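S.K.: Quick mapping for you: the protein sequence lines, in order, are chains A and B. Quick note: the first sequence uses my numbering, first residue 59, plus one each step. Quick note: the second sequence uses my numbering, first residue 491, plus one each step. Every residue gets a Cβ at the ideal spot worked out from N, C-alpha and C, and that includes glycine. Please read all numbers here as calculations on a predicted model, not as lab measurements.
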Amino acid sequence: DAKTTQPNSMESNEEEPVHLPCNHSTISGTDYIHWYRQLPSQGPEYVIHGLTSNVNNRMASLAIAEDRKSSTLILHRATLRDAAVYYCILRDGFGNEKLTFGTGTRLTIIP
Amino acid sequence: NAGVTQTPKFRILKIGQSMTLQCTQDMNHNYMYWYRQDPGMGLKLIYYSVGAGITDKGEVPNGYNVSRSTTEDFPLRLELAAPSQTSVYFCASSPRQSNSPLHFGNGTRLTVT
Numbered sequence: 059d060a061k062t063t064q065p066n067s068m069e070s071n072e073e074e075p076v077h078l079p080c081n082h083s084t085i086s087g088t089d090y091i092h093w094y095r096q097l098p099s100q101g102p103e104y105v106i107h108g109l110t111s112n113v114n115n116r117m118a119s120l121a122i123a124e125d126r127k128s129s130t131l132i133l134h135r136a137t138l139r140d141a142a143v144y145y146c147i148l149r150d151g152f153g154n155e156k157l158t159f160g161t162g163t164r165l166t167i168i169p
Numbered sequence: 491n492a493g494v495t496q497t498p499k500f501r502i503l504k505i506g507q508s509m510t511l512q513c514t515q516d517m518n519h520n521y522m523y524w525y526r527q528d529p530g531m532g533l534k535l536i537y538y539s540v541g542a543g544i545t546d547k548g549e550v551p552n553g554y555n556v557s558r559s560t561t562e563d564f565p566l567r568l569e570l571a572a573p574s575q576t577s578v579y580f581c582a583s584s585p586r587q588s589n590s591p592l593h594f595g596n597g598t599r600l601t602v603t
């Protein structure tokens, strides 16, 4: 019972923006949307999270649809170091910590 | 600031052997998790804990046991290793708040032959 769905893979050219989509049609009002990425041979690392409003940090931006049923992670200028698997997960506010990750989106950056 | 530390980094086990994967965090996080990742696949939740003395099953708990006697440590036990348990194991921790990120360790690569 995956809570989020993402494309299996995407490609982007280096130095261009990348938009990584995530669908979460069964999201509840208290669920936070979290994004992580996993570089080759490393553990996942946190990228960004949000609840309702769009969010920016030094790594990326997160655009959340008005109905919150989808979100998009935006890498403004992809570099070769951004090649990774990107995961979108939901985390609720009621202590349900059975956090499942799914298979994520494998992002390939073309030089 | 060590974060989440996993030991060992690598291990080879024979079928039927047992071992404990260690995980410790120094951030005073309430929540801790164990995931496994098979080659080319995503992360599967094995067990998680919301505090000392409290553990619960994840998606794939069979063949594993956990305990949480302290806030810092969350060891994962394999009693009778099987080839199907060949995987990379990641431990993670998080504060209680749902707007807080998970912090992952660097993983333990386990091979069962």
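DSSP beta-bridge partners for B:Asn-555?
M.R.: Note: B:Asn-555 sits in a beta bridge opposite B:Arg-567.
S.K.: Go through the stretch 84 to 161 of chain A residue by residue and report every complete run of the beta strand (DSSP E) that reaches 3 residues or more, in order.
M.R.: Fully enclosed beta strand (DSSP E) runs of 3 or longer: 90 to 96, 103 to 108, 119 to 122, 128 to 133, 142 to 149.
S.K.: Roughly how many angstroms lie between the CA atoms of B:Asn-518 and A:Pro-98, to the nearest whole one?
M.R.: Near 28 Å, if we compare the C-alpha coordinates of A:Pro-98 and B:Asn-518.
S.K.: Taking Cβ-Cβ distances below 8 Å as the criterion, which residues of the stretch 588 to 601 of chain B are in contact with chain A?
M.R.: From the stretch 588 to 601 of chain B, only Ser-588, Asn-589, Pro-591, Leu-592, His-593, Phe-594, Gly-595, Asn-596, Gly-597 have a Cβ closer than 8 Å to chain A.
S.K.: Starting from the Cα of B:Thr-545, find the closest Cα among B:Pro-551, B:Tyr-537, B:Asn-552 and give me that residue.
M.R.: Selected option, being the one with the closest Cα: B:Tyr-537.
S.K.: Count the other CB atoms within 10 Å of the CB of A:Ile-122; is the residue buried (16 or more) or exposed (fewer)?
M.R.: Answer is buried; the Cβ neighbour count reaches 16.
S.K.: The beta strand (DSSP E) spanning A:Glu-69 covers which residue range?
M.R.: 67 to 71 is the span of the beta strand (DSSP E), which, as asked, contains A:Glu-69.
S.K.: Nearest-angstrom Cα distance between B:Gly-530 and A:Tyr-104?
M.R.: The straight-line gap from Cα to Cα measures roughly 20 Å.
S.K.: Using DSSP with H/G/I as helix, E/B as strand and the rest coil, what is A:Pro-79?
M.R.: Residue state, collapsed to three classes: strand.
S.K.: Rounded to whole angstroms, what's the CA-CA distance from B:Leu-600 to A:Leu-138? Just pull it up for me.
M.R.: Looking at the two C-alpha atoms, the distance is approximately 29 Å.
S.K.: At least one CB of chain B closer than 8 Å to the CB of A:Asp-150: is that the case?
M.R.: Yes - at least one Cβ of chain B is within 8 Å of the one on A:Asp-150.
S.K.: At the level of alpha carbons, what is the spacing between A:Ala-136 and B:Pro-591?
M.R.: Distance between the alpha carbons of A:Ala-136 and B:Pro-591: 23 Å.
S.K.: Just the Cα atoms here: how many angstroms apart are A:Phe-159 and B:Thr-514?
M.R.: So the alpha carbons of these two residues sit roughly 22 Å apart.
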